[in-house]
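Worksheet for the structure shown next.
In my numbering, the protein residues as written are 1106 to 1220.
So, in structure tokens, the structure goes:
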């Protein structure tokens, strides 16, 4: 996986999240393709009071950002092509909007702690 990142190949960060009855969880994967034997995966609970499915999706995407950032920093990789995928359009829209700029006014938005 690191060799693929180093050589500029696409790596996909895929996540999913779910919430029900006041509890939520997320799962994520960094992989070159489906059923990639070198994939890095993770999962966990979602924090917060009465977490929503949106928050679960966001935490899965944040986990991908954290892990991929740590991987490239540890290996001295300056550029990576990591494509984020999830089944929640609102999550992808919020990530795209906040990746361009984060303003003080944004601090009042829901789930801003995940940005």
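Just so you know, even glycine gets a beta-carbon here, dropped at the ideal spot from N, CA and C.
By the three-class DSSP mapping on this structure, what secondary structure does residue i have?
i, result
"residue 1170", "helix"
"residue 1160", "helix"
"residue 1194", "helix"
Please name the residue, chosen from the options, that lies closest to residue i on a Cα-to-Cα basis.
i, options, result
"residue 1187", "1196, 1176, 1194 and 1158", "1176"
"residue 1108", "1143, 1121 and 1122", "1143"
"residue 1122", "1139, 1158, 1170 and 1171", "1158"
Within the same chain, show all residues whose beta-carbon is closer than 7 Å to that of residue i, passing over the 5 residues directly before and after it, in chain order.
i, result
"residue 1125", "none"
Near residue i, what residues of its chain come up, given a Cβ to Cβ distance below 8 Å and the 5 sequence neighbours on each side ignored?
i, result
"residue 1181", "none"
Since residue i and residue j are thought to touch, with beta carbons under 8 Å apart, how far apart are those beta carbons, to the nearest angstrom?
i, j, result
"residue 1189", "residue 1166", "6 Å"
"residue 1113", "residue 1184", "7 Å"
With 16 as the cutoff for other CB atoms within 10 Å, does residue i come out buried or exposed?
i, result
"residue 1161", "buried"
"residue 1129", "buried"
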